[in-house]
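Report on the following structure.
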């Protein structure tokens, strides 16, 4: 091969690199490991992590993953393919993305979904940019204080650099305050409002009147959702939202210390052309077969460059496949059952915790599903429970503690948790 | 050979202007639509928006490209060609019939800076 | 591959399901108030487990991956994805960790982050890495935010522009725009490299820095990098390195040593993690010491980044170790140059000379155009390659060349595979010269033929509609 190229040795291939930049000596890396050594090493790292029963949500939920999913997602034709640029040999990827888009529209009740984004918080940041792009003369986006802290922080970071002012809508009586929202809207500079469908206290919000107030000011309503809960709570479509975003992680993705997850975005038809991310569309080939292609590419960075609404290139394709298979296996009954089990388990825990006398209710009577907050009477509850083998009672900004129950938590586990609370 | 119509004004960025009193109809030339190929979408402003001579007012999109539309004159958009929303291919089929925006001009003297048919023909070098 | 036309919705039958959940052991918690309940029908597919498995298995068989065959997609570094990485990423002791668990309970995970930071710093010559960004473009954005934050922290609020070469990938100017920076383009010379004389007048007190890659998007090493770095630094700007082209430098050159202040890496390119059909990826960002203080104020993702991807990359780095790192760079460059030299008599090579890990052809030398028959284009060549069982190279990028065909073989291909590719490319060139219609009509041997993309964009159908 060297002969063909016309050089004598491999080093000659770098003859155009100034000599001072050619690294001399060894790199500061450990010696190469064989497969078995890698296995042993990772096993030792694994052992350094605690194995706790997870009773916390706060944006990452320990829902059950059907065994079929990792099996199918590890098929190398899915795993080792790249973006479906050559659609004739990528119909697999294109079709499951089309299915994913359809399913996200079903869940959210909106018209068009993209092929996925990185995660929930960045999807919210993209929605923030979209609102500015769609409303043009407006410069401010409002965030509900009921949104998860990571959602607010990511949106704030993007906004800071993008030149967008962020305003806040406080929580009153357990949810985003419509009155406070109206006061902010009256300043007539709002492009969009991001509110949680189920907020960080676990409470299912009532958004009656929100769309009307927001649309009257020619702004966009953006709902940040838990897609699993959308099986049972009112959808963004039903709230007349313009954009729905969130993280698909609760749909069977493992916790995996925070990633990879998958952001989703669905919009009303009117906003389709300003939506970021890849989109798959249906068409026909020369023989009239039904085929799928990446479409509406003129929106994207490789064509619009600095005029694109977003810089996003990759999506989280394999995780979108994960979600698609999850929803296909669960179906409507399965997803409702996941919510039923989680909700009943959470309410059982809620009642048992109150019985211990160690908590005060924060939002009595407010509707919640699988997550809730309480005010602890004793400090350092999270640490005490950790020693007993539970990850629970995550402190919130206000000093409440947060619990979450999913269908993976058994009654025995919950009873053990309550016992640990009592004994502390 | 690209079609060029006498009596219209032309910009360097391949827009044409048809003047009727104080009103300017603006579209893209045959040369422009050929360059773009199959047009899949026309990104248009809204009625009531202002346009400024030399600045972008929209875009033409094809499967693989996006091309800015530059306004030849300044003024206010009084009408947008709604037909192009569902049938962007009309621009390919009849570039001079498919006007994109109808503008009430604020500074008609800007028309003097535009080319006539012969000047545009020389500009595209055909 | 065979054509399989179903969608999951068409496999659905009322009453079927593919899940298994435990019985409800709890007292009923009651319903949500009516006003908060979903009223819209929940039209999810109802499919049994075997049917779900068959459906997705059949879909996968219409897909081409690195494991299927040669995938010379320029600028994407489609190297082989080692399976030991997959095994490590699936370990339950990692997969079951909640991201908000405190460091004292996740020492293993934290150690992975520490070690990765050290390893990436050693490989690139940067001082410290954040592993939070989820993809290359995400890393670019994060890097540009750090660039702006650096100047803001120094009280220099006028640096609102960033210089980007005209050969840059679209994500570069897009990231700059998202970050609130104005893009100033610098021209390339005929030899494809940045024109240093054209750069000089662009530098001033309003320039935050320059965003570039080395080798550049044409696969050519920017030989003037020392001068460029000196000029930019003198003007008070920073140098950002787009690490998409890191592969040829592995074990040979470090961006930090060339003067770059900020960079991102693509773990799904250079560090062998699988592309997944378009993600998940991971885009760690490294900074020089002077930027370390800027890191805490930038929050770009939900938690700690794509940990599952990071685990895979970590296993890869451990398997390379000190001894094998250099082979990655050397063999990537060897393979690319070999292909270039073997095909430059039938494909137009706009810029001759030693390339790095990839190079660009500008279409066929003889495209067979005659009478009314148009010549074979780069698109036609790409589609014809599919017939021969290869994935096409990157086409129509960079924009500098109208019939651009960007080939990146990577270091993980055997000589036999590369020779087979060369033979097929020569065959296609011969076919074009004889009768370009063979290429115009391609592909012939794939499950579907060329799609009608125009109708797809004019009348978008973006979700399933029951007929």
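Residue numbers (the working numbering), protein chains in the order written: chain A, -18 to 405; chain B, 36 to 161; chain C, 29 to 495. Just so you know, even glycine gets a beta-carbon here, dropped at the ideal spot from N, CA and C.
Next on the checklist: Check this for me: beta carbons of residue 409 of chain A and residue 288 of chain A, under 8 angstroms apart or not?
Outcome noted: Only positions -18 to 405 of chain A appear in the structure, and residue 409 of chain A is not among them; the question remains open.
Checklist entry - How about residue 280 of chain C and residue 183 of chain C: are their beta carbons less than 8 angstroms apart? => result Against the third chain, residue 280 of chain C aligns to sequence position 252. Against the third chain, residue 183 of chain C aligns to sequence position 155. No. Outside cutoff.
Next on the checklist: Less than 8 angstroms between the C-beta atoms of residue 261 of chain A and residue 273 of chain A, yes or no?
Outcome noted: On the first chain, residue 261 of chain A is found 280 positions in, with the first residue counted as 1. On the first chain, residue 273 of chain A is found 292 positions in, with the first residue counted as 1. Note that the C-beta distance between residue 261 of chain A and residue 273 of chain A is below 8 angstroms.
Next on the checklist: So residue 213 of chain C contacts chain B; which residues on that side make the cut at Cβ distance below 7 angstroms?
Outcome noted: Walking along the third chain from the start, residue 213 of chain C turns up at place 185. In chain order: nothing, as chain B lies at least about 16 angstroms away.
Checklist entry - According to the neighbour-count rule (16 or more other Cβ atoms, all chains shown, within 10 Å of its Cβ), is residue 291 of chain A buried or exposed? => result On the first chain, residue 291 of chain A is found 310 positions in, with the first residue counted as 1. Result: buried.
Next on the checklist: Need the endpoints of the beta strand (DSSP E) that residue 199 of chain C sits in, please.
Outcome noted: Position 171 of the third chain, counting from 1, holds the residue named residue 199 of chain C. Where residue 199 of chain C is concerned, there is no enclosing beta strand (DSSP E), although the alpha helix (DSSP H) it sits in stretches over 199 to 206.
Checklist entry - Looking at the C-beta of residue 293 of chain A, does it have a partner C-beta in chain B at a distance below 8 angstroms? => result Your numbering for residue 293 of chain A matches position 312 in the first chain. No, residue 293 of chain A does not count as interfacial toward chain B.
Checklist entry - For the segment 161 to 228 of chain A, which segments carrying the beta strand (DSSP E) assignment without a break, of at least 3 residues, lie completely within its bounds, in sequence order? => result 171 to 177, 201 to 206 and 224 to 228
Checklist entry - Of the choices B:91, B:122 and B:46, whose alpha-carbon is the least far from that of residue 73 of chain B? => result In the second chain, residue 73 of chain B corresponds to position 38, counting from 1. When only C-alpha atoms are compared, the closest one is B:122.
Next on the checklist: Report the CB separation of residue 108 of chain B from residue 136 of chain B in whole angstroms; it is logged as a contact under 8 angstroms.
Outcome noted: Residue mapping note: residue 108 of chain B aligns to position 73 of the second chain, counting from 1. Residue mapping note: residue 136 of chain B aligns to position 101 of the second chain, counting from 1. Their Cβ separation, rounded to whole angstroms, is 10 angstroms, which puts residue 108 of chain B and residue 136 of chain B out of contact at 8 angstroms.
Next on the checklist: Measuring only the C-alpha atoms, how far is residue 334 of chain C from residue 238 of chain A?
Outcome noted: Position 306 of the third chain, counting from 1, holds the residue named residue 334 of chain C. Position 257 of the first chain, counting from 1, holds the residue named residue 238 of chain A. Straight-line Cα distance between these residues: approximately 8 angstroms.
Checklist entry - What number of angstroms, rounded off, separates the C-alpha of residue 105 of chain A from the C-alpha of residue 140 of chain C? => result Reading the first chain from its first residue, position 124 is the one you call residue 105 of chain A. Reading the third chain from its first residue, position 112 is the one you call residue 140 of chain C. Straight-line Cα distance between these residues: approximately 29 angstroms.
Next on the checklist: So, at 6 angstroms on beta carbons, what are the nonlocal neighbours of residue 412 of chain C in its own chain, with the 5 sequence-adjacent residues on each side left out?
Outcome noted: Start at 1 with the first residue of the third chain, and residue 412 of chain C comes out as number 384. Closer than 6 angstroms at the Cβ level, and outside the excluded window around residue 412 of chain C, lie 456, 467 and 470.
Checklist entry - What's the call for residue 320 of chain C, buried or exposed, on a 16-neighbour Cβ count within 10 Å? => result Within the third chain, residue 320 of chain C is the residue found at index 292, counting from 1. Exposed: under 16 other Cβ atoms inside 10 Å.
Item to check | Within 9 angstroms of chain A by C-beta, residues of the segment 97 to 115 of chain B in sequence order | outcome: Within the segment 97 to 115 of chain B, the qualifying residues are 97, 98, 99, 100, 101 and 103.
Checklist entry - Relative to the C-alpha of residue 55 of chain C, which residue among A:330, A:366 and A:276 is closest? => result The sequence position of residue 55 of chain C within the third chain is 27, counting from 1. It is A:330.
Checklist entry - Going along the chain, which residues of its own chain have a beta-carbon closer than 6 angstroms to the beta-carbon of residue 340 of chain C, five neighbours each way excluded? => result The count along the third chain starts at 1 and reaches residue 340 of chain C at position 312. Correct list, in chain order: 113, 117 and 301.
Next on the checklist: Using C-beta distances below 8 angstroms, list every residue in its chain close to residue 329 of chain C, excluding the 5 sequence neighbours before and after it, in chain order.
Outcome noted: Locating residue 329 of chain C in the third chain gives position 301, counting from the first residue. Hits under 8 angstroms: 160, 161, 162 and 166.
Item to check | Proximal chain A residues relative to residue 176 of chain C, where beta-carbon distance stays under 7 angstroms | outcome: On the third chain, residue 176 of chain C is found 148 positions in, with the first residue counted as 1. Per Cβ cutoff of 7 angstroms: 142.
Next on the checklist: For chain F, check one thing: does any of its Cβ atoms lie closer than 8 angstroms to the Cβ of residue 195 of chain A?
Outcome noted: No chain F is present in this structure, whose protein chains are A, B and C.
Checklist entry - Do residue 172 of chain A and residue 201 of chain A have their CB atoms nearer than 8 angstroms? => result Position 191 of the first chain holds residue 172 of chain A. Position 220 of the first chain holds residue 201 of chain A. Their beta carbons are under 8 angstroms apart, which means residue 172 of chain A touches residue 201 of chain A by this criterion.
Checklist entry - Going along chain C, which residues have a C-beta under 8 angstroms from residue 122 of chain A? => result For the purposes of this step, residue 122 of chain A is taken as the residue at position 141 of the first chain. Near residue 122 of chain A there are no residues of chain C at all, since even the closest Cβ is about 15 angstroms away, more than 8 angstroms.
Checklist entry - Nearest to residue 369 of chain A by alpha carbon, out of A:403, A:120 and A:12? => result Your numbering for residue 369 of chain A matches position 388 in the first chain. Residue A:403 is the option with its Cα nearest to residue 369 of chain A.
Next on the checklist: Classify residue 324 of chain C: buried if its beta carbon has 16 or more other beta carbons within 10 angstroms, exposed otherwise.
Outcome noted: Counting from 1 along the third chain, the entry for residue 324 of chain C is found at position 296. Under this definition residue 324 of chain C is an exposed residue.
Checklist entry - Can you tell me the Cα-Cα spacing of residue 264 of chain A and residue 483 of chain C, whole angstroms? => result Here residue 264 of chain A refers to the residue found at position 283 when the first chain is read from its first residue. Here residue 483 of chain C refers to the residue found at position 455 when the third chain is read from its first residue. Their backbone Cα atoms lie some 7 angstroms apart in a straight line.
Checklist entry - Span of the beta strand (DSSP E) holding residue 214 of chain C? => result Counting from one through the third chain, the residue named residue 214 of chain C turns up at place 186. Its beta strand (DSSP E) spans residues 210 to 214.
Checklist entry - What is the DSSP secondary structure of residue 59 of chain C, counted as helix, strand or coil? => result Taking the first residue of the third chain as 1, we reach residue 59 of chain C at position 31. In this structure, residue 59 of chain C counts as coil in the three-state DSSP scheme.
Checklist entry - According to the neighbour-count rule (16 or more other Cβ atoms, all chains shown, within 10 Å of its Cβ), is residue 78 of chain B buried or exposed? => result Start at 1 with the first residue of the second chain, and residue 78 of chain B comes out as number 43. Buried, because 16 or more other Cβ atoms sit within 10 Å of the Cβ of residue 78 of chain B.
Item to check | residue 162 of chain A versus A:137, A:186, A:149 and A:154, residue with shortest Cα-Cα distance | outcome: On the first chain, position 181 is the one that residue 162 of chain A refers to. It is A:149.
Item to check | Uninterrupted beta strand (DSSP E) stretches inside the segment 40 to 115 of chain C (no shorter than 3 residues) | outcome: none
Next on the checklist: 8 angstroms is my cut-off, CB to CB: does residue 73 of chain B come that close to chain C?
Outcome noted: If you number the second chain from 1, residue 73 of chain B lands on position 38. By this cut-off, residue 73 of chain B is an interface position.
Next on the checklist: Tell me which residues share the same chain as residue 499 of chain C and place their Cβ nearer than 7 angstroms to its Cβ, disregarding the 5 neighbours each side in the sequence.
Outcome noted: Missing from the structure shown is residue 499 of chain C; chain C here goes from 29 to 495 and no further.
Checklist entry - Would residue 196 of chain A be called buried (16 or more neighbouring beta carbons within 10 Å of its own) or exposed? => result One-based indexing of the first chain puts residue 196 of chain A at position 215. Burial call: exposed.
Checklist entry - Roughly how many whole angstroms lie between the Cα atoms of residue 221 of chain C and residue 236 of chain A? => result Taking the first residue of the third chain as 1, we reach residue 221 of chain C at position 193. Taking the first residue of the first chain as 1, we reach residue 236 of chain A at position 255. Taking the straight line joining both Cα atoms gives about 45 angstroms.
Checklist entry - At a Cβ cut of 9 angstroms, what residues of the segment 446 to 463 of chain C count as close to chain B, listed as they run along the chain? => result none
Checklist entry - Where does residue 435 of chain C fall in DSSP's three states? => result Residue numbering aside, residue 435 of chain C sits at position 407 when the third chain is read from its first letter. If DSSP states are grouped into helix, strand and coil, residue 435 of chain C belongs with the strands.
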